[in-house]
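Q:
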Amino acid sequence: THYCIDRLRRQRHLGPSLDQETMQESVASEQGLPEAMAMEHERAAEAQRLLSYLPPAHRRVVVLKYWGEQSIAEIAKNTSESVANVKVMLHRARLMMARAARREDAPTVQAIQGEQVHAR
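Using our numbering, read the sequence shown as starting at 114 and increasing by one per residue.
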């Protein structure tokens, strides 16, 4: 889950290079562009699907951290949560997303949360 989120974040920050060699490579690789766009769309859809299984509070924290690029302290301030609680929510959200990603048919939020309770 971290890998996908980090990769999406890096791709968003990378701007086009203006040097001659990169421009030529870009033109030469335009044939692969539809495939790259399709893969990017697929990754974004998978991230959205995994986020949809999180409780709203956990989803908000994940979105603020990885797409809003806010620090833990900023998230705590913006959500009126303690720093410790934000860290716990991020950790639990990552666990829930990882479990959902490993399943062929992603379970409901209640099923994932039930597993957490039984795992303790």
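Virtual Cβ for every residue (Gly too), placed ideally from N, Cα, C.
Since we're looking at a predicted model, the values are computed, not measured.
#1: Determine whether the beta carbon atoms of L146 and M210 lie at a separation below 8 Å.
#2: Can you tell which of G181, R205, A170 has its C-alpha closest to the C-alpha of S99?
#3: Please state the DSSP three-state secondary structure of Q183.
#4: Just to confirm, is the Cβ distance from V174 to M202 under 8 Å?
#5: Around the C-beta of V199, are 16 or more other C-beta atoms found within 10 angstroms, so that it is buried, or is it exposed?
#6: Could you tell me the alpha carbon to alpha carbon distance between W180 and L163, rounded to whole angstroms?
#7: Roughly how many angstroms lie between the CA atoms of A197 and R172, to the nearest whole one?
#8: Run through DSSP, which three-state label would R156 get?
#9: May I ask you to report which of helix, strand or coil DSSP gives L167?
#10: Which value, in whole angstroms, describes the spacing of the CA atoms of E148 and H154?
#11: Can you tell which of K178, A157, R216 has the C-alpha that lies nearest to the C-alpha of H204?
#12: Which residue wins for smallest C-alpha separation from A214, given the options A160, Q183, K190, N191?
A: A quick look at the data gives this:
#1: no
#2: Here the chain covers residues 114 to 233 and nothing more, so residue 99 does not appear.
#3: coil
#4: yes
#5: buried
#6: 14 Å
#7: 17 Å
#8: helix
#9: coil
#10: 10 Å
#11: K178
#12: A160
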